[in-house]
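To start, the structure itself, in structure tokens.
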Amino acid sequence: MDKATAAQRTPTLVVEYLGPDDFAGKVLHRAAKYLDAGVQLLWQIDTYDQCAIVHRASGNPYVVEAGGELTGEEVIPGFRCPVNDFLFPKEAASDWCI
Numbered sequence: 012m013d014k015a016t017a018a019q020r021t022p023t024l025v026v027e028y029l030g031p032d033d034f035a036g037k038v039l040h041r042a043a044k045y046l047d048a049g050v051q052l053l054w055q056i057d058t059y060d061q062c063a064i065v066h067r068a069s070g071n072p073y074v075v076e077a078g079g080e081l082t083g084e085e086v087i088p089g090f091r092c093p094v095n096d097f098l099f100p101k102e103a104a105s106d107w108c109i
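Remember, our numbering sits 11 above the position in the sequence shown when you count from 1.
Shown next as structure tokens:
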């Protein structure tokens, strides 16, 4: 596949880290834009609140707390990963900014 074709493809899974300035309305708006563009599964990683917000094209969003597990659902069948693998200490999260 050439670069032009690759640039036109929509990813099936997007992992996004939320920053300290991401408020609920902004986060939900971005999630809607991803899903409207054709993304099937979106994991928004909130390192400050130590959780992941999962958005799916086929259903309502839900939260997976630290200690829980993210799955690829029907998008990447069989894929599993602990939420903690995406998190870093809360103290570091409060200073982190993109």
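C-beta atoms are modelled at their ideal positions from N, C-alpha and C, and glycine is treated no differently.
None of the values given here were measured: they were computed from a predicted structure.
{"query": "Nearest-angstrom Cα separation, counted from L29 out to F99", "result": "13 Å"}
{"query": "Sequence-distant residues of the same chain with beta carbon closer than 8 Å to G83, five excluded per side", "result": "L24, L52, G89, F90 and R91"}
{"query": "With 16 other Cβ atoms within 10 Å as the buried cut-off, status of V74", "result": "exposed"}
{"query": "Of the residues A48, F34 and D33, the one placed nearest R20, counting alpha carbons only", "result": "A48"}
{"query": "Residue closest to A43, alpha-carbon to alpha-carbon, out of I64, T58, D57 and D60", "result": "I64"}
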